[in-house]
Amino acid sequence: FHAVLYTIEFQKRGLPHSHIIFWVSNGTSEPTSNFIDSFISAEILDPSINPLGYCLVAEHMIHGPCGALNPNSQCMKNNKCSKNYPKEFHEETNLDEQRFATYRRWNNDRYVIKGGHKLDNRWVVPYNDTLLKTYQAHINVEWCNKNVFVKYLFKYVTKGPDYSKVYLQRIRNGEDTPYDEETNARNEVKEYLDTRYLCDKDSCWRVLGYDIHRHYPAVERMPVHLPNENYITYNATSNISRILSEGFVQKTMLTEWFYVNSTCESARNLTYNEFPTKWRWEDKTRSWKPRHAKEGKIGCIYYVHPSTGERYYL
27 FHAVLYTIEF QKRGLPHSHI IFWVSNGTSE PTSNFIDSFI SAEILDPSIN
77 PLGYCLVAEH MIHGPCGALN PNSQCMKNNK CSKNYPKEFH EETNLDEQRF
127 ATYRRWNNDR YVIKGGHKLD NRWVVPYNDT LLKTYQAHIN VEWCNKNVFV
177 KYLFKYVTKG PDYSKVYLQR IRNGEDTPYD EETNARNEVK EYLDTRYLCD
227 KDSCWRVLGY DIHRHYPAVE RMPVHLPNEN YITYNATSNI SRILSEGFVQ
277 KTMLTEWFYV NSTCESARNL TYNEFPTKWR WEDKTRSWKP RHAKEGKIGC
327 IYYVHPSTGE RYYL
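In the numbering used here, the protein residues as written are 27 to 340.
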């Protein structure tokens, strides 16, 4: 993979877990079935060839039993599994029009025993064999692109912590009535506190200074402006006339990108937002320098609204 984004979530029960998005480096948004199958499997492994994998799938990656086999399962909603298990058998992996993946699940008579029932490939939660063997824990792996990526990004990765609304009520002279001690009047503002709920695992994680979220590689924000309309940062005691007279402040990422393109032929193969992958911005000299490290940054151009006119068409 060439990029990763993750966040740690605490569900007020059990240990913390992570939501992770990997960007694979094949450079295509239309993957083949074999390409997806090289990362994700939704089948029970052959115990004679891969005994460890078979045992780990049986222990960590089997859903249920639920449905008719166990109507009292926690996943049952309105007499139906909320996770849509058991799945259907499929001969190959496919992506539907909404870009949701339907994984290969062969009807090959392999099964595991769980809860006294034989469960076949229809009950397997998608997983990655390498991750499963490395961590030996439940790790659900899904193919995620286009519409699915946006849904997952906002539903899980950036949803933030849980909040709780707490109602406080003071009792005065045996009366169940909130009041303000200073004015002896009811204070409705103090009746409600908008608070963030932290469990013990969440608190411990933060006290130890562990990352709550992280991304790699770094993102370089790329400004877009018209001539002499770039932003300048200065101190309250600075001499504005002197600052404006210096040509140094006229150098921006955009103007210097134009300059590098006029002097370096190889730079012309990169668009503005692709430039940080091969070049690095040196703020001290206000110039672009060739990047010697293998990994660059991801360029992200600031949003320009169509109503800005010429700057938008630039």
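Glycine included, each C-beta is placed from N, C-alpha and C at the ideal position.
Item to check | Distance CB(H43)-CB(T33) smaller than 8 angstroms | outcome: Between H43 and T33, the C-beta gap is not smaller than 8 angstroms, which leaves the two residues out of contact.
Checklist entry - So, helix, strand or coil for T33, using DSSP? => result The answer is strand: DSSP assigns T33 an E or B state.
Checklist entry - So what's S67 in DSSP terms, helix, strand or just coil? => result If DSSP states are grouped into helix, strand and coil, S67 belongs with the strands.
Next on the checklist: Can you check which of these residues, K159, N171, D228, H116, is closest to E123 by C-alpha distance?
Outcome noted: For E123, the closest alpha carbon among the candidates K159, N171, D228, H116 is that of N171.
Checklist entry - Between which two residues does the alpha helix (DSSP H) harbouring C81 extend? => result Start and end: 77-86.
Checklist entry - Buried or exposed: where does S67 fall if 16 or more other Cβ atoms within 10 Å of its Cβ makes it buried? => result It is buried - the Cβ of S67 has at least 16 other Cβ atoms within 10 Å.
Checklist entry - When you compare only the Cα positions, how much space is there between P112 and N287? => result When the Cα atoms are used, P112 and N287 turn out to be separated by approximately 57 angstroms.
Item to check | Helix, strand or coil at P316 according to DSSP, with G and I counted as helix | outcome: Reduced to three states, the DSSP call for P316 is strand.
Checklist entry - Can at least three beta-carbon pairs, one atom from the segment 68-76 and one from the segment 127-146, be found at a separation below 8 angstroms? => result The segment 68-76, when compared against the segment 127-146, does touch it at the 8 angstroms Cβ threshold.
Checklist entry - With C-beta atoms as the reference, is T119 less than 8 angstroms away from I62? => result The beta carbons of T119 and I62 sit closer together than 8 angstroms.
Checklist entry - With distances taken from CA atoms, which of L95, Y153, V233, M248 is nearest G79? => result Scanning L95, Y153, V233, M248 for the CA closest to the CA of G79 turns up Y153.
Item to check | Beta-carbon gap between H29 and I327 smaller than 8 angstroms | outcome: Per the sequence presented here, residue 29 reads as Ala, with His not at that position. 8 angstroms or more divides the Cβ of A29 from the Cβ of I327.
Next on the checklist: Rounded to the nearest angstrom, what separates T259 and M248 at their Cα positions?
Outcome noted: Cα to Cα, the separation comes out at about 16 angstroms.
Checklist entry - What are the start and end residues of the alpha helix (DSSP H) that includes S44? => result Looking at the DSSP string, S44 is not in any alpha helix (DSSP H); the run it does join, the beta strand (DSSP E), is 43-49.
Next on the checklist: In whole angstroms, give me the CA-to-CA distance for N76 and Q162.
Outcome noted: Distance between the alpha carbons of N76 and Q162 is about 14 angstroms.
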